[in-house]
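Engineer: Got a structure here, written out as structure tokens. Questions coming.
Protein chains in written order, with the working numbering: chain A, 907 to 1486; chain B, 11 to 327; chain C, -2 to 77.
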């Protein structure tokens, strides 16, 4: 295994789904169900059984819109406000209308949601107004249940192949070039439609632990979706709206809001005082978190030690068993007992992830990108704050729409030279006798991301970053060296990470205002609604570098009253109170 | 070129490994059969769950999570009397994953069993399948000596949401075990009957606060105006958790007459309680409570302030 | 060769006595999202899983899915 082999195979399918995590399996299932004759291929660079952000499970739904607890209008309004108004509501509204059906479908797959003693959904409250949190007591079985459905539907699954570039022709998508992560053999997939569900760009910033894989996101989510969409010519929206999360320091896993919050846990400063109004993750919340640390009032903690024993054991059960089970080991290793000590938190590395912010490949309410036949769903598509249920639901939209799309088209022809050029690019690090290994290219890129792109954003620093990135790119293109197929996968990821770093810098420089709290805090600029109440769309320019344009926010489906708009600005506990 | 697609092998071929002399090889066969997701694998897994090796049996019990129906359920039930506790635990977990009501056919005959572990697992398994035939044996199981069994029995009855079960739930609401009582009280939530209300109101005087808390909470679901007096009494409970649920339920029942009793509770130094009081005062929208709310417009707890602002806005509107 | 040999302690350990890689088991290798585990063959022909690449997200499928309980996931030293 891992020996570099020479090989090139071509296959044809109707719909190619890239990414077998959350959105991808649902897209494949829906497409196959709608058109049982369609040849649907699901491809993953890991193994579909345990790939993606929910590899080990999920502790609950953060954004379930269940009749009787919340309405689609209310949800759409809250997400619009949380996203500073920059939101095409159609996709959010459609999600809110249809996600309950997806919950019921997941339930029928064997993914269970918390129910009361009469078997009704047991929804908890976290957000400002509505009630959206639905715990999943057996959330550790999510992937298993999905895999079972894929096998039953006889979806064609290809594991351990990494897609590296989209193929396009006739103004639409034509397929993808893929490479085996254990043999470096090539696979060209011709497809009438391609659905991307490749997750977040989670390996962009470097965690403070310095461990390359100690990221908040599953470290296999290195941003291929963003890079491939970019090179294919698709538009990417609002990339300057980074993902930055409040996490357990060093462990770098989620801490508080959705699990501990409804049970009475909260974020506190060194004195054990609350300093933010609402633990719901938003850029404004992160700004307050940052200010508290900068103001010398840190460390910032997750406080649970005021809660009753029954409550703490329930929190432990959820946090330690589901989603990130090693969390229990981590606390045990440090002798942290929720009953006695508060848990130190910190600010995560930056990334792109619409699951918690809004940066992503631009899509409409059908999950269509700006390239016909190419779809995107889940963390990599720009439907804001969509979390796991959003990935499932938008993945379903993509699968349903793609099933229609393929009915009317044949394969688009593409230039065979594109495949050859991609082979040459991919294999370049295997053709050298020595050079720089991918882990060093990656480390340097990500260290520079931390040094220069981590907010607050400073123009001169971001421009310096761009220079440094160019130097790293030169080193990568001329000198990167790999010894086996596994390292080649890491080399391709390093290249993706560098593309994402370039996009992060370029997008942040383009929007000359501050917005989304800490996510896009540009110290030289204030908020500017007159000029910047718009999406920014990044594409690959003629010169091969990022190009930008503004795009109007579509008229709202659900109106927001003037006095509701600032709900997320005033996050800080009042000064008179903090002094007490 | 290595194999491209995940394969859909013939089940009989995959099952050949089950005859191997080595337990490791048999475990691998079980895993392959599970991954097939093909119902044709069920008989082979049912055989493996009686394997001589405990590791194989445990793997088979886990593997059956991927399947459903009576044959799967029967195999899992048979494993509940295994000599190895790990096999029993795996089978019990898999039983709770069943979705197909028909799977209940294989569980129902065992609901008269007396073994504590087996009966608990069978009751837990049949609960989500909502089989009406389970009502009688579940009711009988309420007399079992083990509280764990009685809790599962209450669960079965609660999920069936059948008014005919009220006497059984009322009985369980007076059980000697506190967790049985608590579960039974929550299970009464589906019923809008006088009998349910009477049981819930009685439970507001239970010696254990967690039962009183459950009763105060559940009254919002099954209660009506006739419960308001009892809930107002519960506002004086010594446990703030009980008071909090009573406040919440009074809000849901629209008990405006309780507003002036709730308003002074804003002075209680428990932020969670103040937060709930403020929200409910907003829901009840009684003008006379404004001064109580205004007093806490700058509360030290941000959630309280938020709710106070919201409540004052609602009363003004 | 200009590449250095830098030692690193790995977070995933495998109990050789329990591992059934000999029987063709590759469950842990298959489920790892980062593909960092491999099967080693020793001189006497016996096989066992091991962590070949120190690129671990400490996510646990290898430990959870191992049929014999042979795999243990520890936290990487840099962050524990």
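Glycine is no exception: its CB is placed at the ideal position from the N, C-alpha and C atoms.
Being a predicted model, the structure only gives us computed values, none of them experimental.
Please list, in chain order, the residues of the segment 60 to 87 of chain B that have any C-beta partner in chain C closer than 7 Å.
Structural biologist: Result list: 65, 69.
Engineer: Note down, in chain order, all residues in the segment 19 to 49 of chain C with a beta-carbon under 7 Å from any beta-carbon belonging to chain A.
Structural biologist: Going along the segment 19 to 49 of chain C in chain order, one finds 27, 28, 30, 31, 32, 35 with a Cβ nearer than 7 Å to chain A.
Engineer: Taking the beta strand (DSSP E) that residue 1446 of chain A belongs to, which residues open and close that run?
Structural biologist: Element bounds for residue 1446 of chain A: 1440 to 1446.
Engineer: Residues in its own chain within less than 7 Å of residue 1274 of chain A by CB, not counting five upstream and five downstream?
Structural biologist: Once the five neighbours on either side are set aside, the close Cβ partners of residue 1274 of chain A are 1281, 1307.
Engineer: Indicate whether at least one CB of chain B lies closer than 9 Å to the CB of residue 6 of chain C.
Structural biologist: It does not; no Cβ of chain B falls within 9 Å.
Engineer: Enumerate in chain order the residues of its own chain whose CB-to-CB distance from residue 291 of chain B is below 7 Å, with the five nearest sequence positions on each side excluded.
Structural biologist: Answer for residue 291 of chain B: 269, 272, 273, 299, 303, 321, listed in chain order.
Engineer: Between residue 65 of chain C and chain B, is there a C-beta pair that is closer than 9 Å?
Structural biologist: Residue 65 of chain C counts as touching chain B.
Engineer: According to a CB-to-CB cut-off of less than 7 Å, which residues of the segment 102 to 124 of chain B neighbour chain A?
Structural biologist: Cβ contacts with chain A: 107, 109.
Engineer: Classify residue 305 of chain B: buried if its beta carbon has 16 or more other beta carbons within 10 angstroms, exposed otherwise.
Structural biologist: It is exposed - the Cβ of residue 305 of chain B has fewer than 16 other Cβ atoms within 10 Å.
Engineer: Residue 189 of chain B to residue 1408 of chain A, Cα distance in whole Å?
Structural biologist: Roughly 58 Å separates the two Cα atoms.
Engineer: Buried or exposed: where does residue 317 of chain B fall if 16 or more other Cβ atoms within 10 Å of its Cβ makes it buried?
Structural biologist: Residue 317 of chain B should be labelled buried.
Engineer: Keeping to the same chain, check which residues put their C-beta closer than 6 Å to that of residue 925 of chain A; ignore five residues upstream and five downstream.
Structural biologist: Once the five neighbours on either side are set aside, the close Cβ partners of residue 925 of chain A are 1103, 1104.
Engineer: For a minimum of 4 consecutive residues, which ranges assigned as the alpha helix (DSSP H) are wholly contained in the segment 1272 to 1320 of chain A?
Structural biologist: Those alpha helix (DSSP H) runs which fall completely within the segment 1272 to 1320 of chain A and span 4+ residues are 1293 to 1311.
Engineer: Candidates B:282, B:266, B:311, B:315: which alpha carbon is nearest residue 297 of chain B's?
Structural biologist: Among B:282, B:266, B:311, B:315, the Cα nearest to that of residue 297 of chain B belongs to B:266.
Engineer: What's the gap between the Cα of residue 325 of chain B and the Cα of residue 182 of chain B?
Structural biologist: One C-alpha to the other measures close to 42 Å.
Engineer: Under 9 Å Cβ-Cβ, which residues of chain A neighbour residue 282 of chain B?
Structural biologist: Per Cβ cutoff of 9 Å: 1170.
Engineer: Within the same chain, show all residues whose beta-carbon is closer than 8 Å to that of residue 311 of chain B, passing over the 5 residues directly before and after it, in chain order.
Structural biologist: 281, 284, 285.
Engineer: For the segment 114 to 161 of chain B, which segments carrying the alpha helix (DSSP H) assignment without a break, of at least 4 residues, lie completely within its bounds, in sequence order?
Structural biologist: The segment 114 to 161 of chain B contains these whole alpha helix (DSSP H) runs: 114 to 117, 126 to 137, 145 to 151.
Engineer: Of the residues B:134, B:246, B:279, which one's Cα is nearest the Cα of residue 1025 of chain A?
Structural biologist: That would be B:134, whose Cα lies nearest to the Cα of residue 1025 of chain A.
Engineer: In whole angstroms, what separates the C-alpha of residue 1160 of chain A from that of residue 221 of chain B?
Structural biologist: Going by the C-alpha atoms only, they are around 33 Å apart.
Engineer: How far does the alpha helix (DSSP H) with residue 204 of chain B in it reach, from first residue to last?
Structural biologist: Note, residue 204 of chain B: alpha helix (DSSP H), 204 to 213.
Engineer: Can you check DSSP and say which residues form a bridge with residue 1081 of chain A?
Structural biologist: Residue 1081 of chain A pairs with A:1073, A:1096.
Engineer: Find the nearest neighbour of residue 101 of chain B within the set B:90, B:129, B:20, judged by alpha-carbon distance.
Structural biologist: Per the Cα distances, B:90.
Engineer: In three-state DSSP terms, what is residue 1033 of chain A?
Structural biologist: The predicted position of residue 1033 of chain A is uncertain, since its pLDDT is 44 and thus under 50; no value can be drawn from it.
Engineer: Among the candidates A:1197, A:1455, A:936, A:1413, whose CA atom is the shortest distance from the CA of residue 1060 of chain A?
Structural biologist: Of the listed residues, the one whose Cα sits closest to residue 1060 of chain A is A:936.
Engineer: I'd like to know whether the C-beta of residue 11 of chain C is nearer than 9 Å to at least one C-beta of chain B.
Structural biologist: Answer no: the Cβ-Cβ gap between residue 11 of chain C and chain B never drops below 9 Å.
Engineer: Taking DSSP as the reference, what is the three-state secondary structure of residue 316 of chain B?
Structural biologist: Helix.
Engineer: If I follow the unbroken beta strand (DSSP E) through residue 1207 of chain A, where does it start and stop?
Structural biologist: Residue 1207 of chain A -> beta strand (DSSP E) spans 1206 to 1209.
Engineer: Under the rule that 16 or more other beta-carbon atoms within 10 Å means buried, what is residue 238 of chain B, buried or exposed?
Structural biologist: Buried is the call here.
Engineer: Would residue 40 of chain B pass as an interface residue toward chain E - the criterion being a Cβ-Cβ separation below 9 Å?
Structural biologist: Of the chains in the structure shown, none is chain E; the protein chains are A, B and C.
Engineer: Here's the rule I'm using: 16 or more other beta-carbon atoms within 10 Å means buried, otherwise exposed. How should residue 27 of chain B be labelled?
Structural biologist: It counts as buried.
Engineer: Decide if residue 1451 of chain A is buried, meaning its Cβ has at least 16 other Cβ atoms within 10 Å, or exposed.
Structural biologist: Exposed, by the Cβ-count rule.
Engineer: Listed in chain order, which residues of the segment 27 to 38 of chain B have Cβ atoms closer than 7 Å to some Cβ of chain C?
Structural biologist: Flagged, chain order: 32, 34, 35, 37, 38.
Engineer: Mind listing which residues of the segment 1234 to 1249 of chain A have their C-beta closer than 9 Å to chain B's C-betas, in chain order?
Structural biologist: Listed by position, the residues of the segment 1234 to 1249 of chain A near chain B (Cβ gap below 9 Å) amount to none.
Engineer: My output table needs one value for residue 272 of chain B: the three-state DSSP class, helix, strand or coil.
Structural biologist: Reduced to three states, the DSSP call for residue 272 of chain B is helix.
Engineer: From residue 917 of chain A to residue 132 of chain B, what does the alpha carbon distance come to, in whole angstroms?
Structural biologist: Between residue 917 of chain A and residue 132 of chain B, the C-alpha separation is close to 49 Å.
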